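There are 2 protein chains.
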Amino acid sequence: MYSYEYPRPSVTVDCVIFAWDSESSDLKVLLIERAHNPFAGNWAFPGGFVDMDEDLETAARRELEEETGMNDLFMEQLFTFGTPNRDPRGRVISVAYYALVSLAHHADQIKAASDAADTRWISVKDLSEIELAFDHQEVMKIALERLRGKVRYQPIGFELLPEKFPLSQLQILYEHVLGTTLDKRNFRRKILKTKLVIPLDEYQQNVSHRAAQLYKFDKNKYEQLVKEGFVFEI
Amino acid sequence: MYSYEYPRPSVTVDCVIFAWDSESSDLKVLLIERAHNPFAGNWAFPGGFVDMDEDLETAARRELEEETGMNDLFMEQLFTFGTPNRDPRGRVISVAYYALVSLAHHADQIKAASDAADTRWISVKDLSEIELAFDHQEVMKIALERLRGKVRYQPIGFELLPEKFPLSQLQILYEHVLGTTLDKRNFRRKILKTKLVIPLDEYQQNVSHRAAQLYKFDKNKYEQLVKEGFVFEI
DNA sequence: GTTTCTTAGTGTTTTTTATACACAAAGTAA
DNA sequence: TTACTTTGTGTATAAAAAACACTAAGAAAC
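Chains as they are written, first to last, in our numbering: chain A, 3 to 236; chain B, 3 to 236.
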């Protein structure tokens with residue numbers, strides 16, 4: 003154990019908050035423009051210090067709620083970044099989390115947050131051209147890899163969609179995250195075979211073409227099936 | 003940033019060092035018996051404080067080398083544990099890593115380490131009956147889940163075997179880690195189809211039955227194939 | 001109100017991959 | 001020489017993945 007005289011690192015949490023924008027079919031992340039140095043004017047993931055009596059995930063959820071107004075989102079620890087000079091002010095070890103949220107579903111809450119002058123949803127595909135603070139480009143890279151890897155064997159894609167969605171939206175989401183194209187018939191067959199999506203007696207509204215049937219994800223059924231050894235796979 | 007008066011957590015690294023004992027076909031981890039309180043007499047994973055100017059992985063590799071005498075092992079960040087009261091002495095955040103090593107291959111170095119009175123290789127299957135310090139049972143659980151998950155889509159099983167091994171050893175290793183039985187012919191076909199194992203003109207020695215042909219893993223070829231988009235899968 | 005445009009929704013065939021399964025040959029020990 | 005243990009090998013069946021194209025619905029434009 004360090005003596006009290008011995009310097010200790012600071013410990014922070016950072017949150018990569020992914021959102022799927024159904025309108026524009028675009029994967030976005032929430033970024034904050036830094037007002038002060040270091041990296042004033044650059045963008046950074048929301049984050050902050052971990053309180054001394056606070057659990058890491060609790061701290062991450064607190065940051066998440068502060069920025070989006072939402073709790074109870076899908077959230078998972080991503081990676082811990084601790085390169086000695088990642089923060090010029092001193093030794094800062096950052097435990098990164100990533101969260102998934104549907105932009106359409108929570109449009110109202112999120113809008114409040116994103117209306118703040120210094121907070122913005124930025125498309126993942128534009129991110130390489132933006133100056134990110136600290137090692138947040140690296141954080142982003144690892145978050146994307148994780149999302150890509152995980153979406154195939156855990157039904158987390160649904161966390162990014164509104165409660166009710168057409169299957170085409172789900173397919174487009176998968177295609178964007180995985181960076182591939184998928185055959186419509188094969189994709190629908192596969193999804194429906196899992197029995198994890200429930201068809202509703204509702205249809206898309208305000209579209210200028212045939213309206214698609216809406217479905218919802220049956221999370222309870224999934225959790226029950228997992229206990230029985232079921233493994234989701236796309 | 004915390005002011006210097008504000009208390010900060012300590013940050014440690016802990017290493018779950020997995021080894022495969024070919025002799026007894028047994029998966030083991032390296033544990034240290036604690037001499038002092040808290041948890042005197044209990045077993046714990048090797049670990050220690052991160053120096054202020056030291057990278058996290060560097061710290062983990064330093065601990066690993068101190069305990070096993072080996073460097074350059076397969077090692078990966080596992081998870082960061084930070085529940086406020088996981089260490090009764092104060093707030094300690096532990097970044098856990100896991101490493102893979104072949105017991106047979108490095109028998110000499112490891113023996114030196116494991117000969118120390120307080121250091122021992124303990125079979126994973128006996129671990130639930132052993133009193134582990136801190137939250138190390140939880141660490142163990144997560145390390146095993148990771149190993150099980152990862153072994154199927156990354157050729158890390160080879161890291162646990164000696165340089166030259168018969169295919170039967172590889173199969174037994176997979177069966178133990180995955181907790182299943184595998185068909186010999188199908189398993190061999192699958193492994194050979196990847197072209198990642200090179201058959202040698204050498205055979206098992208000192209066995210009281212027909213000696214099996216030895217193979218070695220072609221790591222360079224694997225890394226090259228990965229660049230071309232190859233995905234290992236068992 | 002007919003035409004145009006866009007997206008929804010649906011089956012079958014072929015190819016690939018996974019699974020199930022058994023016996024002869026090698027080599028050591030008794 | 002016999003018994004025992006482990007190696008090493010092929011085929012047939014079942015399941016899953018991939019490839020592929022047209023009709024129907026509905027809104028918008030003319």
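The beta-carbon is built from N, C-alpha and C at its ideal position, and this holds for glycine as well.
Quantities reported herein were computed from a predicted structural model and do not represent experimental measurements.
Evaluate B:Glu161 with the Cβ neighbour count: other Cβ atoms within 10 Å of its Cβ, from every protein chain shown; 16 or more gives buried, anything less gives exposed.
Buried, since its Cβ has 16 or more Cβ neighbours within 10 Å.
Can you give me the Cβ contacts of B:Glu56 inside the same chain, cut-off strictly under 8 Å, excluding the 5 residues immediately before and after it?
Closer than 8 Å at Cβ, skipping near neighbours: Arg64.
Let me make sure I understand the geometry here. Which of B:Gly159, B:Arg10 and B:Thr196 has the alpha-carbon closest to that of A:Val52?
Out of B:Gly159, B:Arg10 and B:Thr196, B:Arg10 has the C-alpha closest to the C-alpha of A:Val52.
Looking only at its chain, what residues have a beta carbon closer than 6 Å to the beta carbon of B:Arg36, apart from the 5 residues adjacent to it on each side?
Around B:Arg36: Ala42, Asn44, Ala46 and Ala135.
When the Cα atoms are used, what is the spatial distance from A:Ala106 to A:Asp23?
Between A:Ala106 and A:Asp23, the C-alpha separation is close to 6 Å.
Just to confirm, are A:Ile19 and A:Thr82 a CB contact at a threshold of 8 Å?
Result no, Cβ atoms of A:Ile19 and A:Thr82 do not sit closer than 8 Å.
Is B:Glu140 close to chain A, meaning its C-beta is less than 8 Å from at least one C-beta of that chain?
Taking Cβ atoms only, chain A never reaches closer than 8 Å to B:Glu140, which makes this a no.
Counting only beta-carbon separations shorter than 8 Å, does A:Asp137 have a partner in chain B?
Cβ-Cβ to chain B under 8 Å: no for A:Asp137.
List, in chain order, every chain B residue whose beta-carbon is nearer than 8 Å to that of A:Thr82.
Within 8 Å Cβ-Cβ: Leu58, Gln79, Thr82 and Val97.
Consult DSSP for B:Tyr217 and reduce its assignment to one of helix, strand or coil.
Reduced to three states, the DSSP call for B:Tyr217 is strand.
Residues of chain B with CB closer than 7 Å to the CB of A:Asp55, please, in chain order.
In chain order: Pro86.
Between the Cα of B:Leu194 and those of B:Lys30, B:Pro168, B:Val179 and B:Arg148, spot the shortest distance and give me the residue it belongs to.
The shortest Cα separation from B:Leu194 among B:Lys30, B:Pro168, B:Val179 and B:Arg148 belongs to B:Pro168.
For B:Val199 versus B:Asp220, is the C-beta spacing smaller than 8 Å?
Yes, they are a contact pair.
Measure the alpha-carbon distance for B:Gly159 versus B:Val228 and round it to whole angstroms.
Roughly 17 Å between the two C-alpha positions.
Since I believe B:Tyr205 is in contact with B:Arg148 (beta carbons under 8 Å), could you give me their beta-carbon distance rounded to a whole number of angstroms?
Contact doesn't hold; Cβ gap of about 34 Å is too wide.
Can you tell me the Cβ-Cβ gap for B:Ser96 and B:Asp16, rounded? I've got them flagged as a contact below 8 Å.
5 Å between Cβ atoms; contact.
Kindly indicate the opening and closing residues of the alpha helix (DSSP H) around A:Gly151.
Start and end: His138 to Val153.
According to DSSP, simplified to helix, strand and coil, what is B:Gln79?
If DSSP states are grouped into helix, strand and coil, B:Gln79 belongs with the strands.
A:Thr121 and A:Leu66 - do their beta-carbons sit closer together than 8 Å?
In this structure, A:Thr121 does not lie closer than 8 Å to A:Leu66 by Cβ.
Taking all protein chains shown into account, decide if B:His138 is buried (16 or more other Cβ within 10 angstroms of its Cβ) or exposed.
Buried.
I'd like to confirm the pairing. Which residues does DSSP put opposite A:Glu30 in its beta bridges?
This sequence places Lys at residue 30 of chain A; Glu is not what is there. A:Lys30 pairs with A:Ala21 and A:Ser125.
Excluding the five sequence neighbours on either side, which residues of its own chain have a C-beta within less than 8 Å of the C-beta of A:Tyr4, listed in chain order?
Because A:Tyr4 sits at a pLDDT of 47, beneath the cut-off of 50, its placement in the model cannot be relied upon, and the following sentence gives the value as read from the coordinates. The answer, listed in chain order, is Arg10.
Skipping 5 residues on each side, what residues in its chain have a beta carbon closer than 8 Å to that of A:Leu184?
So the qualifying residues of the chain are Gln173, Tyr176 and Glu177.
So, does the CB of A:Val233 fall closer than 8 Å to a CB anywhere in chain B?
No, no contact with chain B.
Residues of the segment 8–30 of chain B with a CB closer than 8 Å to any CB of chain A: list them in chain order, please.
Correct list: Pro9, Arg10, Pro11, Ser12 and Val13.
Per DSSP, which one or two residues make a beta bridge with A:Tyr176?
DSSP lists no partner for A:Tyr176.
Compare the C-beta of A:Arg93 against all C-beta atoms of chain B and say whether one is closer than 8 Å.
Closer than 8 Å to some Cβ of chain B, the Cβ of A:Arg93 qualifies, so yes.
Let me know if B:Val179 comes out buried or exposed under the rule of 16 or more other beta-carbons within 10 Å of its beta-carbon.
Result: buried.
Apart from the five residues on each side of it in sequence, which residues of its chain come closer than 7 Å, Cβ to Cβ, to A:Phe189?
Here the set comprises Gln173.
What do you get for B:Gln215, buried or exposed, if any count of 16 or more other CB atoms within 10 angstroms of its CB means buried?
When all chains shown are included, B:Gln215 counts as exposed.
So, are the CB atoms of B:Met142 and B:Leu163 less than 8 Å apart?
No. Outside cutoff.
If contacts are defined as beta-carbon pairs under 8 Å, then A:Lys218 and A:Lys166 qualify, I think. What distance do you get, rounded to the angstrom?
Going by Cβ atoms, the distance from A:Lys218 to A:Lys166 rounds to 5 Å, so yes, they are a contact pair.
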